[in-house]
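Just below is one structure, and these are the notes that go with it.
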Amino acid sequence: RNANYLNRSFKDQTKLEPINEIPEIAFKIPNIIKQCLIFVRRNILSKLADTQYLVINLFEAPILAFFLAILIKYFNVSNEGGYNLYENENLPVYMFMSVIVAIFMGVSVICLLG
Numbered sequence: 004r005n006a007n008y009l010n011r012s013f014k015d016q017t018k019l020e021p022i023n024e025i026p027e028i029a030f031k032i033p034n035i036i037k038q039c040l041i042f043v044r045r046n047i048l049s050k051l052a053d054t055q056y057l058v059i060n061l062f063e064a065p066i067l068a069f070f071l072a073i074l075i076k077y078f079n080v081s082n083e084g085g086y087n088l089y090e091n092e093n094l095p096v097y098m099f100m101s102v103i104v105a106i107f108m109g110v111s112v113i114c115l116l117g
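Residue numbering for the sequence shown follows this note's numbering, beginning at 4 and increasing consecutively.
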């Protein structure tokens, strides 16, 4: 039975000759500017679609800045001229906490993306 099927099924098929030519490429690779624009557009659309990412990134910096300003506020009441940045004793603490806040924001953005 199997031989009969093979004789009947494959008898009419013609043998294909191997082709040694490489087929022509049908698509064009975009230049680097167009490709970058495509990737930037895709990245922006994916970020806008993620509401959790938007909410955290829009409100994280102002909230942290508000807490930082409240914690480090310094005003010398004895100074009649008003506020003077040079006399602020909390300036080194502010610089240190600014670095910590920047690291925290970077880590939180990376955790959202991962």
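Where a beta carbon is used, it is the ideal one built from N, C-alpha and C, also for glycine.
- Here serine 101 is not near isoleucine 59, since their CB atoms are 9 Å or more apart.
- Taking a C-beta distance under 9 Å as the contact criterion, leucine 67 and methionine 108 qualify as a contact pair.
- Residue Leu94 holds the alpha-carbon nearest to the alpha-carbon of leucine 71 among Leu94, Lys50 and Asp53.
- DSSP places phenylalanine 30 outside both helix and strand once states are collapsed to three, so it counts as coil.
- For glutamate 63, same chain residues with a beta-carbon under 8 Å away, outside a window of 5 residues either side, are Met108 and Ser111 in chain order.
- Its chain contains no residue whose beta carbon lies nearer than 7 Å to that of phenylalanine 42 once the 5 sequence neighbours on both sides are disregarded.
- Rounded to whole angstroms, arginine 44 and lysine 18 show a C-alpha spacing of 49 Å.
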